[in-house]
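Here is the structure we will look at, set down as structure tokens.
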Amino acid sequence: SSLKATGIDLLKSQNTQQHHTDAYNIKNLVVRRGHPFQVLVNLNRELRPTDKLSLRFGIGENPMKNRGSLMSLKPEREDFNGWKISLVKKGGKECLLSVTSSPNAPVGKYNLHVKTGTNIYKPENGVIYLLFNPWCKDDVVYMANEAEKNEYVLNDTGYIYVGSAYSIYNRPWNFGQFEDSILDACMYLLDKSKLSLTERRDPANVSRAMSALVNANDDNGVVLGSWSGNYIGGTSPMDWIGSVTILQQYYKTKKPVKYGQCWVFAGVLNTVMRCLGVPCRCVSTFDSAHDTEENLTVDIYLNEKGEKMNISFDSVWNFHVWNDAWMKRTDLPNGFDGWQAIDSTPQEQSQGRFQCGPCPVKAVKEGDVYLPYDSKFVYAEVNADRVYWLVKKVNGKDKYFKIATETQDIGKNISTKAVGQNRREDITREYKYPEGSKEERMSMQRAYSFIRPSGLMPRSGYASTVQGLGGNAQPLVPNEPATKTGLHIEIKNTEPLHPGNPLEMAITVKVSTPGNWTIDLTGSCQLQYYTGKVQANLGTTKETFNLEGPSEMQIPLKIAPDAYMKTLSSVEDEVLILVTAIAEVRETKDKLTKETSMRFQYPPITVQMPETARLYNDFTCAFIFKNKLNVTLENCKLLVEGLGIFKMTTFDQGDIMPGRIMKSEIICTPTRLGERKIVAKLISNQIKGISTEKGIIITE
Numbered sequence: 001s002s003l004k005a006t007g008i009d010l011l012k013s014q015n016t017q018q019h020h021t022d023a024y025n026i027k028n029l030v031v032r033r034g035h036p037f038q039v040l041v042n043l044n045r046e047l048r049p050t051d052k053l054s055l056r057f058g059i060g061e062n063p064m065k066n067r068g069s070l071m072s073l074k075p076e077r078e079d080f081n082g083w084k085i086s087l088v089k090k091g092g093k094e095c096l097l098s099v100t101s102s103p104n105a106p107v108g109k110y111n112l113h114v115k116t117g118t119n120i121y122k123p124e125n126g127v128i129y130l131l132f133n134p135w136c137k138d139d140v141v142y143m144a145n146e147a148e149k150n151e152y153v154l155n156d157t158g159y160i161y162v163g164s165a166y167s168i169y170n171r172p173w174n175f176g177q178f179e180d181s182i183l184d185a186c187m188y189l190l191d192k193s194k195l196s197l198t199e200r201r202d203p204a205n206v207s208r209a210m211s212a213l214v215n216a217n218d219d220n221g222v223v224l225g226s227w228s229g230n231y232i233g234g235t236s237p238m239d240w241i242g243s244v245t246i247l248q249q250y251y252k253t254k255k256p257v258k259y260g261q262c263w264v265f266a267g268v269l270n271t272v273m274r275c276l277g278v279p280c281r282c283v284s285t286f287d288s289a290h291d292t293e294e295n296l297t298v299d300i301y302l303n304e305k306g307e308k309m310n311i312s313f314d315s316v317w318n319f320h321v322w323n324d325a326w327m328k329r330t331d332l333p334n335g336f337d338g339w340q341a342i343d344s345t346p347q348e349q350s351q352g353r354f355q356c357g358p359c360p361v362k363a364v365k366e367g368d369v370y371l372p373y374d375s376k377f378v379y380a381e382v383n384a385d386r387v388y389w390l391v392k393k394v395n396g397k398d399k400y401f402k403i404a405t406e407t408q409d410i411g412k413n414i415s416t417k418a419v420g421q422n423r424r425e426d427i428t429r430e431y432k433y434p435e436g437s438k439e440e441r442m443s444m445q446r447a448y449s450f451i452r453p454s455g456l457m458p459r460s461g462y463a464s465t466v467q468g469l470g471g472n473a474q475p476l477v478p479n480e481p482a483t484k485t486g487l488h489i490e491i492k493n494t495e496p497l498h499p500g501n502p503l504e505m506a507i508t509v510k511v512s513t514p515g516n517w518t519i520d521l522t523g524s525c526q527l528q529y530y531t532g533k534v535q536a537n538l539g540t541t542k543e544t545f546n547l548e549g550p551s552e553m554q555i556p557l558k559i560a561p562d563a564y565m566k567t568l569s570s571v572e573d574e575v576l577i578l579v580t581a582i583a584e585v586r587e588t589k590d591k592l593t594k595e596t597s598m599r600f601q602y603p604p605i606t607v608q609m610p611e612t613a614r615l616y617n618d619f620t621c622a623f624i625f626k627n628k629l630n631v632t633l634e635n636c637k638l639l640v641e642g643l644g645i646f647k648m649t650t651f652d653q654g655d656i657m658p659g660r661i662m663k664s665e666i667i668c669t670p671t672r673l674g675e676r677k678i679v680a681k682l683i684s685n686q687i688k689g690i691s692t693e694k695g696i697i698i699t700e
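Numbering-wise, the sequence shown is residues 1 to 700 according to the numbering used here.
Written out as structure tokens, the structure is:
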């Protein structure tokens with residue numbers, strides 16, 4: 001009788017453990033390329049030496065051998081397109097086969113059929129998901145260090161660092177790359193990307209396509225960005241605590257999810273890359289330049305009260321979050337392997353789409369900004385200069401006076417979560433040489449030779465009124481403003497910045513040169529979005545005082561709660577407190593500008609639960625919050641999620657008066673082993689995000 005396959009066992013439990021894919025919540029087999037997996041084929045009779053048996057793996061709509069989309073693997077002829085098959089053992093009516101896909105096979109979904117002579121057997125669950133493989137030396141995403149793979153590929157929780165350079169804080173984020181339908185959502189995005197099969201082999205193409213698809217601009221992608229402050233008809237960007245709800249909703253509706261800002265785009269892109277098997281991390285840069293003309297300067301305009309004005313085309317964001325993906329760049333000269341910056345926040349078009357990267361982090365460090373993709377843009381984000389202009393009315397017309405250039409201000413405290421630890425790691429050194437070092441100057445000169453900035457002119461359309469600047473080109477390496485008096489400004493808060501309390505800050509002015517100096521100080525306090533856009537002017541101060549150098553003077557700046565609480569409650573975003581100071585020494589005309597952004601400080605949420613629990617055994621988790629502020633928190637919502645424990649849940653808490661305690665409980669049933677995390681976030685009209693998390697070990 002002719003040989004027929006009657007069944008096939010994909011040995012899911014054994015294969016997924018060996019491929020580090022056992023966490024995916026999916027009934028199909030998920031394997032990584034370049035690594036062997038076994039399948040057990042059941043036959044209608046014993047296998048004879050003359051029998052012809054082959055396994056066929058097809059990808060795409062119409063798989064064909066000559067297009068490389070159909071792999072026909074015969075045990076007697078081992079290699080086909082870099083795929084290998086061998087007969088492990090045969091006995092009775094079954095045979096055990098070992099299959100190794102090519103380490104540069106296209107990633108995606110493959111249909112498995114068994115061919116015996118002219119018979120073709122199509123198993124019921126025969127769709128196999130093939131991913132990138134950081135455990136395989138021949139895969140371009142290979143990562144040698146085990147702890148790094150555990151963090152950058154397998155960790156489904158983490159932090160995104162936000163705030164300001166003055167006060168960085170972590171926002172817990174659930175990546176959830178193994179949750180229900182997340183892998184299918186990523187496969188849908190791969191299909192939607194229209195990448196050819198050849199392009200799907202290379203993580204550089206895949207990561208670039210995903211950076212475009214995670215934002216909704218120009219391709220109906222996952223998240224619709226909005227910085228409007230009004231998020232009716234969607235979810236405020238502050239209210240997400242992870243990527244799972246977003247990707248599940250997108251996969252179900254195939255419509256963009258409203259709304260995201262940079263950390264949401266980065267959180268979702270991180271999930272997608274880890275899910276596909278590319279090592280990936282979220283990277284936050286503080287004081288990040290968004291420079292629209294690639295001339296490496298960002299212009300900041302101040303009025304005569306010292307308040308920042310919203311008239312510039314470019315801006316400095318308090319922080320910006322993108323991602324680094326790990327890969328060898330086979331398309332570039334040697335020396336640019338490793339971390340590559342990719343950014344899915346829609347800022348500028350690249351090759352006609354809102355996409356950014358992969359840009360080698362080493363190219364940013366060395367100033368090799370001619371390399372693909374988008375390296376000039378990324379370089380400017382971490383290396384631009386900040387130029388301050390004073391806008392004065394002269395005969396009824398605005399005139400612009402340059403008051404300061406800050407060369408070491410942009411691209412500070414570049415941060416990511418440390419490997420295997422719940423702490424911030426500073427990776428600025430991977431992106432930049434130390435400020436002022438010889439290597440930094442050489443790197444900067446190299447970058448300037450490719451960027452060719454057009455002289456130092458303000459670009460806000462008012463260039464015709466520039467005073468006394470001339471068209472002189474910018475010196476290659478601008479120095480720190482050297483002042484004759486050694487003028488120095490420090491800004492800090494003198495009391496905790498609690499909403500509902502007065503904001504108490506101090507501006508300290510120092511001079512280090514001996515002599516008697518008269519100093520004019522202008523200080524202002526404003527509320528601004530993290531994008532640098534000013535939301536409200538809160539107050540200003542003007543002081544003139546004498547300093548006998550070397551000495552210092554502290555000028556207090558105090559803002560009453562009435563001045564800012566209304567604004568705080570009416571915006572849906574988290575706002576920062578911006579203090580700007582301008583000091584001028586009359587005798588020498590020395591001028592100096594300094595700005596500092598600070599965030600409000602909030603009381604904590606505490607989580608009460610056992611330290612360990614057993615698989616499928618219920619336990620109770622309680623969330624407690626005491627309102628220690630002097631204001632009522634209105635419309636409070638508590639959002640909680642625990643991957644492998646319980647789905648995203650929202651508790652409406654109404655208004656919480658000062659001194660009141662809120663307590664919510666949830667019954668948890670753990671479904672996955674190992675260390676799990678519960679993330680909680682409280683939002684209200686007055687406060688946009690107090691988050692916390694707590695870990696628990698789940699045992700058998």
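Quick reminder that beta carbons are idealized off the backbone N, C-alpha and C, glycines included.
Following the continuous alpha helix (DSSP H) through residue i, name the residue where it begins and the one where it ends.
i: W389; result: First-last for W389: D385 to V394, but that is the beta strand (DSSP E), not the alpha helix (DSSP H).
i: N133; result: Careful: N133 lies outside any alpha helix (DSSP H) and carries neither H nor E.
i: R274; result: C262 to L276
i: R429; result: T428 to Y431
i: Q18; result: K12 to Q18
How should residue i be labelled, buried or exposed, when 16 other C-beta atoms within 10 angstroms of its C-beta is the threshold for buried?
i: A560; result: exposed
i: L682; result: buried
i: S207; result: buried
i: E304; result: exposed
i: I698; result: buried
i: M657; result: exposed
i: F545; result: exposed
i: A473; result: Because the pLDDT at A473 is just 32, under 50, the model does not fix this residue reliably, and the value given afterwards should be weighed accordingly. Counting Cβ neighbours within 10 Å, A473 comes out exposed, since fewer than 16 surround it.
i: L247; result: buried
i: L476; result: Low confidence applies here, because L476 scores a pLDDT of 33, under 50, leaving its location unreliable; read the following figure in that light. Label assigned to L476: exposed.
i: W322; result: buried
i: Y142; result: buried
i: H70; result: Note on residue identity: the sequence assigns Leu, not His, to residue 70. Flag for L70 reads buried.
i: Q408; result: exposed
i: L456; result: Residue placement at L456 is poorly supported in this model, since its pLDDT is 37, which falls under 50; the coordinates still yield a value, given next. That one is buried.
i: E595; result: buried
i: D590; result: buried
From which residue to which residue does the beta strand (DSSP E) around residue i run?
i: F401; result: K397 to E406
i: N174; result: S167 to N174
i: N318; result: S315 to M327
i: K663; result: I661 to C668
i: E587; result: First-last for E587: undefined, no H or E at that position.
i: D299; result: T297 to L302
i: Y159; result: T157 to S164
Contact check, residue i vs residue j under 8 Å by CB: the rounded distance?
i: D287; j: N318; result: 7 Å
i: P237; j: G221; result: Not really, about 16 Å apart at Cβ, beyond 8 Å.
i: Y529; j: V579; result: At roughly 16 Å, the Cβ-Cβ gap does not stay under 8 Å, so Y529 and V579 are not in contact.
i: A506; j: L568; result: Going by Cβ atoms, the distance from A506 to L568 rounds to 22 Å, so no, they are not a contact pair.
i: I577; j: L615; result: About 46 Å; that fails the 8 Å criterion.
i: V640; j: A613; result: The Cβ separation is near 16 Å, so there is no contact.
i: G515; j: G549; result: 5 Å
i: V257; j: V223; result: 5 Å
i: Q355; j: A212; result: 4 Å
i: W389; j: D299; result: 6 Å
i: M662; j: F625; result: 5 Å
Looking only at DSSP bridge pairs, what is residue i linked to?
i: I85; result: V99
i: C636; result: G654
i: M71; result: F57
i: C282; result: N323
query: Does the pairing of the segment 123 to 141 with the segment 22 to 37 give three or more beta-carbon distances under 8 Å?
result: yes
- prompt: Taking contact to mean at least 3 C-beta pairs separated by less than 8 Å, is the segment 39 to 57 in contact with the segment 112 to 132?
  reply: yes
query: Is it true that the segment 499 to 516 meets the segment 279 to 286, where meeting means three or more beta-carbon pairs spaced less than 8 Å apart?
result: No: fewer than three Cβ pairs fall under 8 Å.
- request: Give a yes or no on contact between the segment 347 to 355 and the segment 415 to 425, applying the rule of three or more CB pairs nearer than 8 Å.
  value: In the pairwise beta carbon analysis, the segment 347 to 355 is classified as not touching the segment 415 to 425: fewer than three pairs are separated by under 8 Å.
field: Segment contact flag, the segment 195 to 203 with the segment 169 to 177, C-beta cutoff 8 Å, min 3 pairs
entry: no
message: Can you confirm whether the segment 101 to 118 touches the segment 2 to 16 when touching is taken to mean that 3 or more C-beta pairs between the two stretches lie within less than 8 Å?
response: yes
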